[in-house]
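Written out below as structure tokens is the structure these notes cover.
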Amino acid sequence: MTIGDAAVIDRAGLDRLVRVLRAQGYRVIGPQMRDNAIVLDELDDRVRLPAGWGVHTEPGRYRLHRREDEAVFAHSAGPGSWKQFLHPPHRKIAAIDANLNLEPAEEIPARTAFLGVRGCDMAAIATLGRVLGGGAHPDPGFAARRAGLFLIAVNCTEPGGVCFCASMGTGPGVSAGYDLALTERIDDLGHRFLVDVGSEAGDQILSSLIAEPAAESDIATARAEVAAAAGRMGRAMPNVDVREVIRDSRESPHWADVASRCLTCANCTMVCPTCFCTTTEDVTDLTGDHAERWEHWASCFELDFSYLHGGSVRQSGESRYRQWLSHKLGTWHDQFGSSGCVGCGRCIAWCPAGIDLTAEVTRLADLLEGADRDQP
Ligand code: SF4
Ligand code: SF4
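Each residue of the sequence shown is one higher than the last, beginning at 1 in the UniProt record's numbering.
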């Protein structure tokens, strides 16, 4: 096998893949069931992949359901994203004692493998790479975590009710950036995975498995299933120039309408795989002999996020929602060369008010169009 080739492994081969990675010193992160959701966490001998479980999602709602088959990756994005492992929610940046000796701040696992990264989340990892790993001052912690990463992507054939990656150009298939990419197939020929090789590291791991070269017909059918999934997305970003709509909607009355529903709870930013904002906190112990500096995720929905001398700039929920959407879909392009949204739908499912950014952009665009029509 070499880069660009495709092979087939059976269901036992998937478990073997995890064991081979672990035997080679990788900490393997993958999907698993916990707290009535499919979450991402370390896979070890005691943890099973979520075989036979799917999810129903809609605005403000996420429910597991039992499937009639034993598919492992037939679930769309859950509440957690891979961001938590590349850009942890809490991390110690520095520690110092009373004699000004600096202590090691954090240990970064040398080798980590992500199993089951969908197209939207592959795009999110690339986005984080541009934001945190690029520019004049890359985050060294992010860069070290990203450098040790082995990526096993999954071509999605089961989009969820809040998914819209196809309209963002990020899925449902994955095209680059992976070491291995799986397409799960269950039919009369059994439960198996088409494996695309994306790197030499992927080729080396695959050579440790019992893999058959893929038949042309199997490759064609798998590709067709992924292509068909693009037509089954639960929603779509409207086919308008979203940047322009956001830019021209600065004074739209619709922001007040969203604010009347938004709780400013920040859930959307916490679950978003690309939101990257943080705050820092200095803490000391009671003796004063030890001080630490911590970094925590922060959100533009928090009142003190925009605190400048004397007060917060964005006092209202209206201004905070507008800030989030304007950055995510508009000025993100100017800063980082892409949209900040990859169409995973997490912010829609996990918003307690069921606010759906695709619907809000549609409404903003409709209002602008109406305003244009009203022009003499
Ligand atoms: S849009 Fe939804 S998730 Fe985001 S802050 Fe408002 S209520 Fe919370
Ligand atoms: S804004 Fe929402 S749909 Fe877009 S990437 Fe973030 S969580 Fe996913």
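C-beta atoms are modelled at their ideal positions from N, C-alpha and C, and glycine is treated no differently.
- Counting along the chain, no alpha helix (DSSP H) covers K328, and no H or E run does either.
- Put simply, the backbone Cα of D15 is about 17 Å away from that of W53.
- Around the CB of L132, 16 or more other CB atoms lie within 10 Å, so the residue is classed as buried.
- Taking D121 as the centre and dropping the five residues before and after it, the same chain places the C-beta of A77, S81, W82, P273, V342, C344 closer than 8 Å to its C-beta, in chain order.
- The three-state secondary structure of A215, taken from DSSP, is coil.
- Here M237 carries a coil assignment [DSSP, helix/strand/coil].
- Within 7 Å of the C-beta of C262 there is at least one heavy atom belonging to ligand 1.
- With fewer than 16 other CB atoms across the displayed protein chains lying within 10 angstroms of its CB, Y307 is exposed.
- Using a Cβ-Cβ distance cut-off of 8 Å, the region 311-318 and the region 229-247 are not in contact, since fewer than three pairs of beta carbons, one from each stretch, lie closer than that value.
- Taking 8 Å as the cut-off, the Cβ atoms of P50 and V20 do not count as close.
- Each of S252, D203, P89 was checked against the Cα of G141, and the nearest Cα belongs to P89.
- For A211, the number of other beta carbons within 10 angstroms of its own is at least 16, and it is reported as buried.
- Residue burial annotation: T157 is buried, with at least 16 other C-beta atoms found within 10 angstroms of its C-beta.
- Where F85 is concerned, the enclosing alpha helix (DSSP H) starts and stops at 83-86.
- Assignment of S312 by DSSP, reduced to helix, strand and coil, places it in the strand class.
- Per DSSP, reduced to three states, the secondary structure at A71 is coil, with no helix or strand assignment.
- In the DSSP annotation of this structure, the continuous segment of the alpha helix (DSSP H) that includes H254 starts and ends at 254-261.
- Within its own chain, the residues whose Cβ lies closer than 8 Å to the Cβ of I38, once the five positions on either side in sequence are excluded, are P31, Q32, P50, W53, V55, L64, H75, G78, listed in chain order.
- Taking 7 Å as the cut-off, the C-beta of P352 counts as close to a heavy atom of ligand 1.
- Shown here for C277: same chain residues with a beta carbon closer than 8 Å to its own, the five before and five after excluded, namely T269, W297, A298, S299, C300, F305 in chain order.
- Going by DSSP, V283 is part of the beta strand (DSSP E) stretching over 278-284.
- For R19, the secondary structure class from DSSP, reduced to helix, strand or coil, is helix.
- Cβ contact annotation for S252 (same chain, cutoff 8 Å, sequence separation greater than five): L364, L367, L368, in chain order.
- Annotation for K92 indicates a beta carbon at 7 Å or more from all heavy atoms of ligand 2.
- It is roughly 22 Å from the alpha-carbon of I125 to the alpha-carbon of R243.
- Burial is judged here by how many other beta carbons sit within 10 angstroms of a residue's own beta carbon; I3 has fewer than 16 and is exposed.
- Ranking L43, A113, A94 by CA distance to the CA of T280 puts A94 first.
- With respect to A349, T57 sits close: the two C-beta atoms are nearer than 8 Å.
- In this structure, ligand 1 has no non-hydrogen atom nearer than 7 Å to the beta-carbon of N36.
- In this model, G134 and F336 are separated by some 9 Å (Cα to Cα).
- Exclusion of C156 from the 7 Å shell around ligand 2 follows from its C-beta lying no nearer than that to any non-hydrogen atom of the ligand.
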